[in-house]
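Residue numbers (this note's numbering), protein chains in the order written: chain A, 1 to 404; chain B, 1001 to 1259. Note that the Cβ used here is the ideal one computed from N, Cα and C, for glycine as well. Scroll down for the structure; my scribbles are underneath it.
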Amino acid sequence: MSVTALDEIKLYAFHHHHYIEVPEDHERYRNSMIDYSNEHFDPELGKALYDRHLRTLVRADQLGFDGIAINEHHSMVYSMSPCVSLHAARLIGLTQNAKIWVGGTPINLMYPNRVSEEYAMLDVMSGGRMEYAFPLGTGMEYWSNEGTINPTTARGRFRESLDIVLKSWTEDGPLRYDGEFYNYRYLNPWPKPFQKPHPKCFIVGTGSEETVSLAVDYGLGYSIVFVPIPNQLRAFARLRELAEERGRTVTPDDLIIVVMAYVADTDEQAVAEARPHIERFFSWFHRVTPRFLVPPGYVTTKEFLRRASDKAMAKSTEASWDDMVSIGRIACGSPETVADTIVGWCEEAGAGRVNVVLENGDMPEWKTVKSMTMFAEEVMPRIKAKLARGRGAAAPELAAAGAR
Amino acid sequence: MPAYREDHYELNGIDTAVLSAGDGLPLVFLHGGGTVEGFDALLPLAEHGRLIVPHHPGFGASADDPAIDSLHDYVLHYLDLFDALELDELTLIGLSLGGYLAAMLAIEQAQRVRRLVLAAPFGLHDRDHPTTDLFSVPDEEVLGYLTTDMSVFEGKVPMPPTPEFLAERYREATSLARVAWKRNYDPKLARWLHRITMPTLLVWGEDDRVVPVAQAQVWASHLPDAEIRTFPGVGHVLFAQSRAAVDAVGEFVAAEVPA
């Protein structure tokens, strides 16, 4: 197993914006999304949760996280963030230092010129604090949006949309664009981004060949979602391999892993405090039937067969705690344990960025605040110290070699 | 009972499977948005002519073609197939999505189609009796929508379904979604139905849960020369379930043959 020595690990506070309420009769529902009725949405609770989620992210900036990471989903209790740019705009005004990583409007749900304009506007408003990650959109997004957005053309449309956004940022307009899906006479977004040539960008994906090669083709980073660790490592290896073939170097700053973290004084206490909420994350907040995960044509028939044959995948909402901890990046423990785990994972993956999910499932606010404060005060310094020691450990050997 | 032979044709680079049985006047059957019920129930029609059952690209034994992304692409594909088979004149029989397609072919090439059978066709927008959106039906309920007699799927649907069986359904659903994800009707179809001047038979299961039998009257109101035959207790894939429905089609196509 290869291990990359890292100079730095950037830590971003990632927030799902769950609608935090688990109905008492939740077992009645096959899904907590798409066909789970919005009659369950209580605007009073919604207002309280928007306030709470904003407090959490503003606190992350104050606590010294390198960035704040937010994203977008539609028609689900999993996320109250169907328009991520609105969130970003609020955060720009209320935060000072943190980068704002927008995990992205699935561009297929909008016209690409509109995404280009919105994202450029945020970048200018923030004075260049924005970073963007482009998702294809989950299968669920294709069920809950207008029928013109066809899952069978999702990947082709995604590639073309991305091409348009990046062109509109890097070339001076007006541009003519004649594509398979989109046509522009005067593509000429106003404003253009503050950062040149454009804000740091990533593809968000599960590690599929299509998304990995898209990142390589456009020279973008890759942000891997919560899939089993071996799949993440394979995807990053493939990305490096493809990049090398094309003469491009992938640095740790190009790779993001996502970690569910919870910090307490001891490992036992951390697991005891976090476990019920993380279990609830999988059993309720991500409750979805396979049909919604893979609408027709969203994946190839071959990929569908692979997934249909994978029993573990078919029963993800029934996964045990041990399953979750063994396949995914869940770091619950003392500051020492969490720091060790995160550094180990980053070195193994060669990833210099971590989106740290500090609030999971139906976690009460006090736990989020306690854990993220401990993360900032106890884990961050340990991570920095470990990386410095890693570099320091190499130095005496070099000195010794020089002396010979 | 005759048996099918299976031939393959290369059409615009697509390997196209064509089943056929019998001789005489060509009777082309266009299947619906899936092939799970099979085609053996149609074999009695081979006594009345040359029964031809092509598999649409992306379905059954035909190859995939992601470039086919509209019903009109299928229309042009079938005109190519009819040319390849030298079918200058034919009787068209279409079930479900295939009925929609048969109606489109008849609208565009009325002179080529001698008689037309539309079996529970998709395509019309009837607000009072809307066609079920099968994409919205949970997987495990779909077969129950297709028939009132689950025995039609005996030996055709493994229980529990194997990953391979599910993947084949996913493939056909993908092909269907390429042309019908947005909707399974054309708001303008009724406007052009007057062009279907040939004798037309509308056949329907009275307990069809996919395309309600009430739509038969709407079709008939737009078609110059149509008659309706319905079958009590029968569901959407009516030929697999009802020999009487197959025989009704047989009688209708036989009327063409000089005694």
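DSSP on residue i, reduced to helix/strand/coil?
i	result
Ala400 (chain A)	Confidence in Ala400 (chain A) is poor, its pLDDT being 42 and thus under 50, which makes the residue's placement unreliable; the coordinate value appears in the next sentence. In this structure, Ala400 (chain A) counts as helix in the three-state DSSP scheme.
Arg1115 (chain B)	strand
Ser213 (chain A)	helix
Ile1107 (chain B)	helix
Ala261 (chain A)	strand
Thr301 (chain A)	helix
Ala1084 (chain B)	helix
Met76 (chain A)	strand
Ala331 (chain A)	strand
Tyr1004 (chain B)	coil
Lys386 (chain A)	helix
His198 (chain A)	coil
Asp254 (chain A)	helix
Ile1068 (chain B)	coil
Phe236 (chain A)	helix
Met33 (chain A)	strand
Asn231 (chain A)	helix
Lys370 (chain A)	helix
Asn108 (chain A)	helix
Val973 (chain B)	Residue coverage of chain B in this structure runs from 1001 to 1259, which leaves residue 973 (chain B) outside it and unanswerable.
Ala1061 (chain B)	coil
Ile278 (chain A)	helix
Ala395 (chain A)	No answer about Ala395 (chain A) holds up, because its pLDDT of 45 lies below 50 and its placement is not dependable.
Glu180 (chain A)	coil
Pro381 (chain A)	helix
Ser1242 (chain B)	coil
Asp1023 (chain B)	coil
Ala1259 (chain B)	Because Ala1259 (chain B) carries a pLDDT of 45, less than 50, the predicted location of this residue cannot be relied on, and the following value inherits that uncertainty. It is coil, neither helix nor strand.
Gly221 (chain A)	strand
Asp1073 (chain B)	helix
Ala1041 (chain B)	helix
Tyr12 (chain A)	strand
Asp1139 (chain B)	helix
Thr249 (chain A)	coil
Gly1250 (chain B)	helix
Ala5 (chain A)	coil
Ile1093 (chain B)	strand
Between residue i and residue j, how many whole angstroms is the CB-CB distance? I'm expecting something under 8 Å.
i	j	result
Gly104 (chain A)	Phe134 (chain A)	5 Å
Ala1120 (chain B)	Gly1099 (chain B)	7 Å
Trp169 (chain A)	Pro193 (chain A)	5 Å
Gln195 (chain A)	Asp123 (chain A)	6 Å
Leu1090 (chain B)	Arg1114 (chain B)	7 Å
Trp1181 (chain B)	Thr152 (chain A)	7 Å
Leu175 (chain A)	His198 (chain A)	Between His198 (chain A) and Leu175 (chain A) the Cβ distance is about 15 Å, and since that is not below 8 Å, they are no contact.
Asp1065 (chain B)	Pro1057 (chain B)	4 Å
Only counting the same chain, and skipping five residues up and downstream in sequence, which positions put a Cβ closer than 8 Å to that of residue i?
i	result
Ala5 (chain A)	Glu347, Gly390, Arg391, Ala394
Arg1005 (chain B)	Leu1019, Ser1020, Ala1021
Leu109 (chain A)	His74, Gly137, Glu141, Asn145, Ile149
Arg238 (chain A)	Gly207, Glu209, Val212
Leu1045 (chain B)	Gly1022, Leu1027, Phe1029, Leu1051, Ile1093, Val1246, Val1249, Gly1250, Val1253
Ser32 (chain A)	His26, Met76, Val77, Tyr78, Trp284, Phe285, His286, Arg287, Val288
In chain order, what residues of the same chain have a beta carbon less than 7 Å from the beta carbon of residue i, not counting five sequence neighbours either side?
i	result
Ala1041 (chain B)	Phe1239, Ala1240, Val1246
Ala400 (chain A)	Legend: pLDDT at Ala400 (chain A) = 42, less than 50; position of this residue unreliable, no value from coordinates given.
Ala1244 (chain B)	Phe1231
Asp339 (chain A)	With the sequence shown as reference, residue 339 (chain A) is identified as Ala, and Asp is not the correct amino acid for it. Correct list, in chain order: Val379, Arg382, Ile383, Lys386.
Asp267 (chain A)	Gly333, Ser334, Thr337
Pro1002 (chain B)	Ala1021, Gly1022, Leu1043, Ala1046
Val22 (chain A)	Arg280, Trp284, Asp362
Leaving out five residues before and five after residue i in sequence, what residues of the same chain have Cβ atoms less than 6 Å from its Cβ?
i	result
Ala1254 (chain B)	His1048
Ile92 (chain A)	Met125, Ser126
Glu359 (chain A)	Thr368
Val258 (chain A)	Phe226, Asn355
Ala1063 (chain B)	Ile1014, Asp1015
Thr341 (chain A)	Ala331
Met374 (chain A)	Val263
Arg1172 (chain B)	Looking at the sequence provided, one finds Glu at residue 1172 (chain B) rather than Arg. Answer for Glu1172 (chain B): Gly1034, Phe1059, listed in chain order.
Met130 (chain A)	Ile100, Leu122, Asp123, Pro199
Arg353 (chain A)	Lys10, Ile256
Practice task
Could you pull out every unbroken alpha helix (DSSP H) segment of at least 4 residues lying fully inside the region 110 to 177 of chain A, listed in chain order?
Solution key: 112 to 125, 139 to 144, 154 to 170
Exercise for the section: Evaluate contact between the region 225 to 232 of chain A and the region 152 to 167 of chain A, counting only Cβ atoms and requiring at least three cross-stretch pairs below 8 Å. Expected result: no
Exercise for the section: Entirely within the region 38 to 103 of chain A and at least 4 residues each: give me those alpha helix (DSSP H) ranges in chain order. Expected result: 43 to 63, 84 to 94
Problem - Unbroken stretches of the beta strand (DSSP E), 3 residues or longer, contained in the region 1159 to 1232 of chain B - result: 1200 to 1205, 1226 to 1231
Exercise for the section: Give a yes or no on contact between the region 1220 to 1229 of chain B and the region 1187 to 1196 of chain B, applying the rule of three or more CB pairs nearer than 8 Å. Expected result: yes
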